[in-house]
């Protein structure tokens with residue numbers, strides 16, 4: 082007889098569970114353990130829960146109790162993976178546990194509508210998101226935003242979403258034709274523009290394209306591309322994540338390019354997981370491996386292909402706030418720092434805990450706002466201690482979360498993507 086915990090009872094899952102020796106070195110790396118101080122809100126404690134579920138020591142009627150509470154409190158930042166001396170694949174473990182929870186719960190009508198609207202109607206359709214961003218830009222420019230933020234009338238989820246809204250600019254990105262290489266041509270790349278990134282932080286995408294052109298790369302833009310699926314897999318919607326993965330693989334399949342470039346740590350981590358989530362698909366499994374082989378974060382690509390060195394001075398004191406999905410998921414740590422060190426005039430000051438999450442974590446700051454706020458508060462205190470004038474980030478969710486963090490903390494600092502800083506150096510050199 083099958084049951085809800087069956088997907089946790091495979092040999093592969095038990096092998097991953099058995100990698101944990103319960104040494105406890107993950108505890109101090111875990112943001113939720115720092116908030117709650119509870120063993121069950123640490124990676125080690127959650128692995129104990131997963132093992133209990135897999136071994137049948139948690140009743141199938143108890144799936145919505147302590148099991149769901151502590152598993153869904155996890156940010157899935159994977160900092161524990163970096164801290165773990167035994168190589169525990171915690172991200173893969175918690176992903177399966179979340180899918181189990183999602184497949185065995187019945188969300189209310191309001192939640193079902195919000196999920197349907199956000200995850201299936203908006204995020205996979207960047208044109209709709211751009212229309213929403215245009216409306217939000219009018220909202221910001223009309224002065225209504227100040228009234229709303231002062232009134233506290235919005236329900237909590239909408240308050241959180243409004244708080245991370247960045248200062249919006251008119252989006253003039255033109256993806257109708259390839260962007261030509263400037264100077265000597267070194268190759269051809271495809272650009273994954275993302276959904277939230279393109280709609281709400283389109284200027285970051287524009288800077289990314291300019292930087293690639295400046296380094297001698299023609300940039301092409303597959304029109305059929307869609308959302309990466311990161312948010313969907315974060316909340317356990319495996320079927321939707323697979324559908325989006327297949328659509329993206331098809332969109333990029335016929336292109337003769339050197340690399341598929343992404344500028345968002347969360348998107349890059351999701352794209353690089355396509356071979357994993359489609360491993361049982363006889364048609365798309367092999368295609369996914371070919372696709373993943375070409376995916377590169379903009380920082381790892383540029384470190385190897387920085388054909389135009391930055392010579393324009395950018396005289397700022399900056400700190401680099403790692404994206405969890407870039408640092409812990411993709412293991413990209415040194416490359417963004419190397420690029421920042423190459424920019425004349427920029428003083429880079431390290432955080433005391435650069436491996437800590439900001440609390441964004443996909444849609445975590447919307448579904449777990451109270452915990453996310455505490456995690457963000459700790460992160461902003463670390464940033465404030467550096468005296469930085471610029472917070473450099475490499476992920477969409479982090480970027481928007483830091484806008485909220487700067488405003489709440491009263492910090493006098495700008496939030497910029499890594500490519501914006503590099504682009505500014507190139508602009509200053511030309512000036």
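Numbering (our numbering), first residue to last: 82 to 512. Glycine included, each C-beta is placed from N, C-alpha and C at the ideal position. All values reported here derive from a predicted model rather than from experimental measurement.
Cα-Cα separation between residue i and residue j, rounded to whole angstroms
{"i": "residue 394", "j": "residue 206", "result": "39 angstroms"}
{"i": "residue 376", "j": "residue 348", "result": "10 angstroms"}
{"i": "residue 165", "j": "residue 92", "result": "22 angstroms"}
{"i": "residue 127", "j": "residue 438", "result": "18 angstroms"}
{"i": "residue 277", "j": "residue 283", "result": "9 angstroms"}
{"i": "residue 259", "j": "residue 272", "result": "10 angstroms"}
{"i": "residue 384", "j": "residue 418", "result": "10 angstroms"}
{"i": "residue 196", "j": "residue 209", "result": "15 angstroms"}
{"i": "residue 229", "j": "residue 239", "result": "11 angstroms"}
{"i": "residue 216", "j": "residue 232", "result": "20 angstroms"}
{"i": "residue 508", "j": "residue 382", "result": "21 angstroms"}
{"i": "residue 59", "j": "residue 136", "result": "For residue 59 there is no data in the structure shown, the boundaries of the chain being 82 and 512."}
{"i": "residue 464", "j": "residue 140", "result": "44 angstroms"}
{"i": "residue 286", "j": "residue 279", "result": "7 angstroms"}
{"i": "residue 160", "j": "residue 455", "result": "17 angstroms"}
{"i": "residue 269", "j": "residue 309", "result": "22 angstroms"}
{"i": "residue 218", "j": "residue 248", "result": "8 angstroms"}
{"i": "residue 187", "j": "residue 193", "result": "9 angstroms"}
{"i": "residue 363", "j": "residue 318", "result": "21 angstroms"}
Assigned secondary structure, residue i (DSSP; H/G/I helix, E/B strand, else coil)
{"i": "residue 416", "result": "helix"}
{"i": "residue 429", "result": "strand"}
{"i": "residue 256", "result": "coil"}
{"i": "residue 314", "result": "helix"}
{"i": "residue 523", "result": "Outside the modelled stretch of the chain, which goes from 82 to 512, sits residue 523, for which no answer is possible."}
{"i": "residue 120", "result": "helix"}
{"i": "residue 187", "result": "coil"}
{"i": "residue 162", "result": "helix"}
{"i": "residue 441", "result": "coil"}
{"i": "residue 98", "result": "helix"}
{"i": "residue 82", "result": "Residue confidence for residue 82 is low, a pLDDT of 40 falling below 50, so the modelled location carries little weight; the figure read from the coordinates is stated next. Coil."}
{"i": "residue 423", "result": "coil"}
Extent of the continuous alpha helix (DSSP H) run through residue i
{"i": "residue 456", "result": "450-467"}
{"i": "residue 497", "result": "Run containing residue 497: none in the alpha helix (DSSP H); it sits in the beta strand (DSSP E), 495-498."}
{"i": "residue 306", "result": "Note, residue 306: premise wrong, no alpha helix (DSSP H); not H, not E."}
{"i": "residue 269", "result": "Counting along the chain, residue 269 falls outside any alpha helix (DSSP H), though it belongs to the beta strand (DSSP E) covering 268-273."}
{"i": "residue 201", "result": "Note, residue 201: premise wrong, no alpha helix (DSSP H); not H, not E."}
{"i": "residue 277", "result": "277-281"}
{"i": "residue 319", "result": "319-334"}
{"i": "residue 219", "result": "207-222"}
Cβ-Cβ separation, residue j to residue i (assumed contact under 8 angstroms), whole Å
{"i": "residue 409", "j": "residue 163", "result": "5 angstroms"}
{"i": "residue 474", "j": "residue 402", "result": "5 angstroms"}
{"i": "residue 331", "j": "residue 305", "result": "7 angstroms"}
{"i": "residue 250", "j": "residue 504", "result": "Not quite, the Cβ-Cβ distance comes to about 14 angstroms (not below 8 angstroms), so this is no contact."}
{"i": "residue 266", "j": "residue 299", "result": "7 angstroms"}
{"i": "residue 169", "j": "residue 89", "result": "In fact, because the Cβ distance is near 15 angstroms, the residues do not count as touching under 8 angstroms."}
Limits of the unbroken beta strand (DSSP E) element including residue i
{"i": "residue 358", "result": "From DSSP, residue 358 is part of no beta strand (DSSP E) but of the alpha helix (DSSP H) over 355-358."}
{"i": "residue 378", "result": "376-378"}
Bridge partners - residue i, DSSP secondary structure assignment
{"i": "residue 401", "result": "473"}
{"i": "residue 340", "result": "270"}
{"i": "residue 483", "result": "Answer by DSSP bridge pairing: none, since residue 483 is not bridged."}
{"i": "residue 298", "result": "268"}
Residue i CB to nearest heavy atom of the ligand PLP below 6 angstroms
{"i": "residue 509", "result": "Among the components of this structure there are no ligands whatsoever, and the ligand PLP is therefore not found."}
Closer than 7 angstroms to chain B by CB, residue i
{"i": "residue 276", "result": "The displayed structure is made up of one protein chain only, and chain B is not part of it."}
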